[in-house]
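Student: Once you've had a glance at the structure underneath, I'll fire off some questions.
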Amino acid sequence: MTIQSPRPAIRTTCPYCGVGCGVLTTPDGSGGLAVAGDPDHPANFGRLCVKGSALGETVGLKDRLLTPRIDGQEATWDQALDLVARRFSDTIARHGPDSVAFYVSGQLLTEDYYAANKLMKGFIGSANIDTNSRLCMASSVAGHRRAFGSDTVPGLYEDLELADVVVLVGSNLSWCHPVLYQRLAAARAARGTRVVVIDPRRTATCDIADLHLPLAPGSDAALFNLLLADIARRGLVSETPDGLDDALAAARATLPGATGLPHSAIRQFLDLWCGGDRVVTVYSQGINQSDSGTDKVNAIINCHLATGRIGRPGMGPFSVTGQPNAMGGREVGGLATMLACHLDIENPAHRDAVQGFWHAPRMAAKPGLKAVDMFRAVEDGRIKALWIICTNPAVSMPQADRVAAAIKGCGFTVVSDMFATTDTARLAQVVLPATGWGEKDGTVTNSERRISRQRRTLPAPGQARDDWRIIAGVGARMGWADAFAWDHPADIFAEHAALSGVAGALGGDFDISAHAGITRGAYDTLEPFLWPHSARRRNRRFFADGRFHTPSGKARMLAIAPRAPQPVDAAHPFRLNTGRVRDHWHTMTRTGLSPRLSRHLAEPFLELHPADAARLGLAPASLAKVTSPEGRAILRVLVTDRVAPGHPFAPIHWTGETAPSGRVSALVPGTVDPASGQPASKFAPVAIAPFAAA
Ligand code: SF4
Numbered sequence: 001m002t003i004q005s006p007r008p009a010i011r012t013t014c015p016y017c018g019v020g021c022g023v024l025t026t027p028d029g030s031g032g033l034a035v036a037g038d039p040d041h042p043a044n045f046g047r048l049c050v051k052g053s054a055l056g057e058t059v060g061l062k063d064r065l066l067t068p069r070i071d072g073q074e075a076t077w078d079q080a081l082d083l084v085a086r087r088f089s090d091t092i093a094r095h096g097p098d099s100v101a102f103y104v105s106g107q108l109l110t111e112d113y114y115a116a117n118k119l120m121k122g123f124i125g126s127a128n129i130d131t132n133s134r135l136c137m138a139s140s141v142a143g144h145r146r147a148f149g150s151d152t153v154p155g156l157y158e159d160l161e162l163a164d165v166v167v168l169v170g171s172n173l174s175w176c177h178p179v180l181y182q183r184l185a186a187a188r189a190a191r192g193t194r195v196v197v198i199d200p201r202r203t204a205t206c207d208i209a210d211l212h213l214p215l216a217p218g219s220d221a222a223l224f225n226l227l228l229a230d231i232a233r234r235g236l237v238s239e240t241p242d243g244l245d246d247a248l249a250a251a252r253a254t255l256p257g258a259t260g261l262p263h264s265a266i267r268q269f270l271d272l273w274c275g276g277d278r279v280v281t282v283y284s285q286g287i288n289q290s291d292s293g294t295d296k297v298n299a300i301i302n303c304h305l306a307t308g309r310i311g312r313p314g315m316g317p318f319s320v321t322g323q324p325n326a327m328g329g330r331e332v333g334g335l336a337t338m339l340a341c342h343l344d345i346e347n348p349a350h351r352d353a354v355q356g357f358w359h360a361p362r363m364a365a366k367p368g369l370k371a372v373d374m375f376r377a378v379e380d381g382r383i384k385a386l387w388i389i390c391t392n393p394a395v396s397m398p399q400a401d402r403v404a405a406a407i408k409g410c411g412f413t414v415v416s417d418m419f420a421t422t423d424t425a426r427l428a429q430v431v432l433p434a435t436g437w438g439e440k441d442g443t444v445t446n447s448e449r450r451i452s453r454q455r456r457t458l459p460a461p462g463q464a465r466d467d468w469r470i471i472a473g474v475g476a477r478m479g480w481a482d483a484f485a486w487d488h489p490a491d492i493f494a495e496h497a498a499l500s501g502v503a504g505a506l507g508g509d510f511d512i513s514a515h516a517g518i519t520r521g522a523y524d525t526l527e528p529f530l531w532p533h534s535a536r537r538r539n540r541r542f543f544a545d546g547r548f549h550t551p552s553g554k555a556r557m558l559a560i561a562p563r564a565p566q567p568v569d570a571a572h573p574f575r576l577n578t579g580r581v582r583d584h585w586h587t588m589t590r591t592g593l594s595p596r597l598s599r600h601l602a603e604p605f606l607e608l609h610p611a612d613a614a615r616l617g618l619a620p621a622s623l624a625k626v627t628s629p630e631g632r633a634i635l636r637v638l639v640t641d642r643v644a645p646g647h648p649f650a651p652i653h654w655t656g657e658t659a660p661s662g663r664v665s666a667l668v669p670g671t672v673d674p675a676s677g678q679p680a681s682k683f684a685p686v687a688i689a690p691f692a693a694a
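Quick note on UniProt numbering: the sequence shown kicks off at 1 and runs consecutively.
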């Protein structure tokens, strides 16, 4: 008798948040997967949160798109790709390269992202490729570039474990980056790390907070200006970055009243932050999703630059990304404002270098349309052909109703997705079946710059194809077969790594040229690694030596004049905060497949302060109609003093099909941060009333 040994588990990476946990997967023999945390992955050391643990429950074929469709009818791949290539080529020929656009996703693998960016910027010749990561971390990118001269995250996750004080600002780490929260909580238990949470809401993260500062919404820059002024008062300014004097003058002009916090609470915060060197300030969407998000990022970074608390163990500003590959998208230039490998689209030498490397016939010569502007251009007809890849903007974009109408009215819309049932796919003329997590091979980069493999465990269902292969098929049909002649994602990764060497020679931070020419065997066994990784550089942290990537080599401090969010009005007197819940992801196309994940919070809801609920006549668990100038949602009322009066909260995940109807992004205005183009998703002016069914 032969005893079969069990199949070895395949090492891959979780597709949800930016922590980027390593996952071990084993096919269960009936189309599903057994899932466990990878004890050897440096992001999670075996831990998984509830979303990652439930991954095996989300890989079934329910509602999967298995063949291409044209106008709702099944089609062959040749028919579909021929049509997409012809319509894009015709549109470009008649109206120019800027008449077409790609809207992509921080859920794409780096190789997919690379292919899309190469096709749009180097061959079509437009920079009209933007991403749902614009909604996630664009303000951090802009803030990094202003302060450091490059989009570089200075530190590592382990810095949260080495710090004496960790400040979490605009970050519900417990629900949105749960494994990083677990690491912090363990460090706090072991070392007595002091934790400060700065958030208008009393979130689950406050469970480990030594101090919670429920500041006035949008007043984060004022609070960090007060900190900077206090740093100077205590004689803790140890560095001389450019702009120090102006930044200090702006900080000294800031009044404590702007924060809405009592003096004693502000004093406790200043004492904690200034009490020792080892301080990490973590920030996320509560900072980024604001019409002054970039200024808030720079107000935080200013304090670390002035004190030299950056790039050394246990200290630094730390932006944590929402999505699994928001960072990878930045590396390949998958934003309308960047070139590949963090090169500068407005720098002619950088454009020439990328064009030369790609042997591209033309090159985008200016930044393209950022997400909100892109859909405005679809709406007014400037964009005549749109390809949406791996994302659901008809639910997730601010002004979602307006965006859905714009997509519907676009001359030609293509959607690549796992499902034809998303609100966005239903609006497209051509729908292309894409592989999903568990079925595709590639790499992702997490919030600490660690590149990890996602590995194929399951076969592609039906005729589904990898996104890079779909994009390459269109590029070849548009006349550029040689440039898109990859056979395997390892070929793309090798090309990406080689291009990063060109960027490194130009002074760029993103240099992984040690992997240029990687073989498929080496790609298959690639271990998680931090960038940069080249013959020249392999530093783990950045900037401890005081050298930055600005022309002067010095960091830049910004003079920040704090701005309050746009005012509410009498017709819309509440300021709605939006965000995630613990167990769902984005528009729930995958986490919605797991009944277990819906047990935590089963339907869309509105957190409302008891005083507001009483004034509006809204009982707990009743239905509220929430309206803004942009749209409406019907939400279950959850009365709680976790939110402040006048500042309700609602999660972003549910679509319009559920009852209650929770399409919360339809309420959010299209207001953006002027520096980053990131929408102000945490500040929607709304009216609230009891819902009476018709
Ligand atoms: Fe996945 Fe994030 Fe949970 Fe890790 S913390 S298992 S990356 S959702």
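The beta-carbon is built from N, C-alpha and C at its ideal position, and this holds for glycine as well.
None of these values were measured; they are calculated from a predicted model.
Just curious, the beta strand (DSSP E) that residue 684 is in, first and last residue?
Tutor: 684 to 690
Student: Starting from residue 79, follow the alpha helix (DSSP H) in both directions and report where the run begins and ends.
Tutor: 77 to 95
Student: Quick one, which of 515, 491 and 10 has its alpha-carbon nearest residue 502's?
Tutor: 515
Student: Going by the C-beta, is residue 324 closer than 8 Å to any heavy atom of the ligand SF4?
Tutor: yes
Student: Do residue 350 and residue 211 have their beta-carbon atoms positioned less than 9 Å apart in this structure?
Tutor: no
Student: Under the three-state reduction of DSSP, which class applies to residue 607: helix, strand or coil?
Tutor: Reduced to three states, the DSSP call for residue 607 is strand.
Student: By how many angstroms is the C-alpha of residue 469 removed from the C-alpha of residue 411?
Tutor: 25 Å
Student: Which whole-angstrom value describes the C-beta separation of residue 683 and residue 217, a residue pair presumed to lie in contact below a C-beta threshold of 8 Å?
Tutor: Going by Cβ atoms, the distance from residue 683 to residue 217 rounds to 7 Å, so yes, they are a contact pair.
Student: May I ask you to list the residues that DSSP assigns as paired with residue 104?
Tutor: 131
Student: Return the residue from the list 560, 21, 184 and 78 that minimises the CA-CA distance to residue 314.
Tutor: Residue 314 has its Cα closest to that of 184, out of 560, 21, 184 and 78.
Student: Is it buried or exposed for residue 659, if we count other Cβ within 10 angstroms and need 16 for buried?
Tutor: Legend: pLDDT at residue 659 = 49, less than 50; position of this residue unreliable, no value from coordinates given.
Student: Determine the extent of the alpha helix (DSSP H) in which residue 413 is found, giving its start and end residues.
Tutor: Segment 412 to 417 is the beta strand (DSSP E) holding residue 413; no alpha helix (DSSP H) there.
Student: Should residue 639 and residue 608 be called a contact, given that it needs their Cβ atoms to be closer than 9 Å?
Tutor: The answer is yes: Cβ separation under 9 Å.
Student: How many Å lie between residue 354 and residue 495 at the Cα?
Tutor: 12 Å
Student: May I ask you to check if the CB of residue 48 is nearer than 8 Å to at least one heavy atom of the ligand SF4?
Tutor: yes
Student: Leaving out the 5 sequence neighbours to the left and right, which residues in its chain are closer than 7 Å to residue 627 when beta-carbon positions are compared?
Tutor: 686 and 687
Student: Any chance the CB of residue 168 is under 8 Å from a heavy atom of the ligand SF4?
Tutor: Not so, every heavy atom of the ligand SF4 lies at least 8 Å from the Cβ.
Student: Would you kindly work out how many angstroms separate the C-alpha atoms of residue 306 and residue 146, rounded to a whole number?
Tutor: 15 Å
Student: Looking at C-beta atoms only, is the number of pairs between the stretch 582 to 590 and the stretch 288 to 299 that lie closer than 8 Å three or more?
Tutor: no
Student: Between residue 225 and the ligand SF4, is there a pair consisting of the residue's CB and a ligand heavy atom that are separated by less than 8 Å?
Tutor: no
Student: Please name the residue, chosen from 489, 317, 643 and 321, that lies closest to residue 165 on a Cα-to-Cα basis.
Tutor: 317
Student: So which of 160, 431 and 676 has the shortest CA-CA distance to residue 279?
Tutor: Ranking 160, 431 and 676 by Cα distance to residue 279 puts 160 first.
Student: Closest to residue 244 by CA distance: which of 671, 298, 61 and 644 is it?
Tutor: 298
Student: In the DSSP assignment, the alpha helix (DSSP H) including residue 263 goes from what residue to what residue?
Tutor: First-last of the alpha helix (DSSP H) with residue 263: 263 to 274.
Student: If you measure from the CB of residue 172, is any heavy atom of the ligand SF4 nearer than 8 Å?
Tutor: No, the ligand SF4 has no heavy atom inside 8 Å of this Cβ.
Student: Answer yes or no: the CB of residue 180 versus the heavy atoms of the ligand SF4, is any distance below 8 Å?
Tutor: yes
Student: Please state whether DSSP places residue 62 in a helix, a strand or coil.
Tutor: coil
Student: For residue 74, count the other beta carbons within 10 Å of its own beta carbon; 16 or more makes it buried, fewer makes it exposed. Which is it?
Tutor: Exposed is the label assigned to residue 74, since fewer than 16 other Cβ atoms lie within 10 Å of its Cβ.
Student: Give a single yes or no on whether residue 598 has its beta carbon closer than 8 Å to a heavy atom of the ligand SF4.
Tutor: no
Student: So, for residue 105: in the same chain, excluding its five sequence neighbours on each side, which residues have a beta-carbon less than 7 Å away from its beta-carbon?
Tutor: Same-chain partners within the cutoff: 131, 132, 389, 390 and 391.
Student: At a cut-off of 8 Å, would you count residue 177 as near the ligand SF4, judging by its Cβ distance to the nearest heavy atom?
Tutor: yes
Student: With hydrogens ignored, establish whether the beta-carbon of residue 288 is closer than 8 Å to any heavy atom of the ligand SF4.
Tutor: no
Student: Alpha carbon to alpha carbon, how far is residue 696 from residue 189?
Tutor: With the chain represented from 1 up to 694, any question about residue 696 goes unanswered, as that position is not in the structure.
Student: In the structure shown, what three-state DSSP assignment does residue 567 receive?
Tutor: Correct three-state label for residue 567: coil.
Student: Determine which residues share a DSSP beta bridge with residue 559 and list them.
Tutor: Answer is none; residue 559 lacks a bridge partner.
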